[in-house]
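Asks: Residue numbers (our numbering): 79 to 222. Yeah, the Cβ is synthetic: ideal placement off N, Cα and C, and Gly gets one too.
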Amino acid sequence: MSLQLYIERLEEFSAKCGAPVIRNPLASGIFGRVEERHIVLRTGLSLEQQILTLAHELTHLIAHCNANPRIHRTVCEYEAEAVERWVGAELKLAPFAEEAPDLSSITDDLLAGSVVRVRWAACTLVDAARDGVSAALSRERLQA
Ligand SMILES: [Zn+2]
Numbered sequence: 079m080s081l082q083l084y085i086e087r088l089e090e091f092s093a094k095c096g097a098p099v100i101r102n103p104l105a106s107g108i109f110g111r112v113e114e115r116h117i118v119l120r121t122g123l124s125l126e127q128q129i130l131t132l133a134h135e136l137t138h139l140i141a142h143c144n145a146n147p148r149i150h151r152t153v154c155e156y157e158a159e160a161v162e163r164w165v166g167a168e169l170k171l172a173p174f175a176e177e178a179p180d181l182s183s184i185t186d187d188l189l190a191g192s193v194v195r196v197r198w199a200a201c202t203l204v205d206a207a208r209d210g211v212s213a214a215l216s217r218e219r220l221q222a
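1. Can you tell me the Cβ-Cβ gap for K94 and L215, rounded? I've got them flagged as a contact below 8 Å.
2. Please determine, among H116, M79, G191 and D205, the residue with the shortest C-alpha to C-alpha distance to I149.
3. With a floor of 3 residues, list each beta strand (DSSP E) that falls wholly inside the stretch 162-200, ordered by position along the chain.
4. Taking its Cβ as the centre, do 16 or more other Cβ atoms sit within 10 Å of I85, making it buried, or is it exposed?
5. Tell me the residue span of the beta strand (DSSP E) that contains R111.
6. R115 to L203, Cα distance in whole Å?
7. Give a yes or no on whether the C-beta atoms belonging to N102 and T131 are separated by under 9 Å.
8. Taking the runs of the alpha helix (DSSP H) that are 4 residues or longer, which of them lie wholly in the stretch 122-153?
9. Just reading off the beta strand (DSSP E) that L119 is part of, what are its end residues?
Okay, structure coming up:
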């Protein structure tokens, strides 16, 4: 499946979640961020970087932005990075294409609550990229 198609599906999922994706020249070192009603991607990223950055920012959007009680920012970053690796390994994206096929090792250093969120977010986003928005939304409803 083409990387461009993964990007289009993840963007469609983001829009369905209320945060359409826009592209801006962000400060150096920043690939993306969640703003109030958008996910902002840095212009000029490679296709792989766009997918991994979307996975990272979508994790914040679907798992962290409305969390109650709030999740500590450092924990949020660990989780978003784990989801990024997971999605990268599943979709065979550099630099994660060679990760061990045992995806559970990706969450080895995380707390139990994080493992649950990371698995759910990663599976939701892989569904969105591979099978489209409706597959991802049905999984998202399961969590509630
Ligand atoms: Zn982040």
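Replies: Concretely, from the data shown:
1. 7 Å
2. G191
3. none
4. buried
5. G110 to V112
6. 19 Å
7. no
8. 125-137
9. I117 to R120
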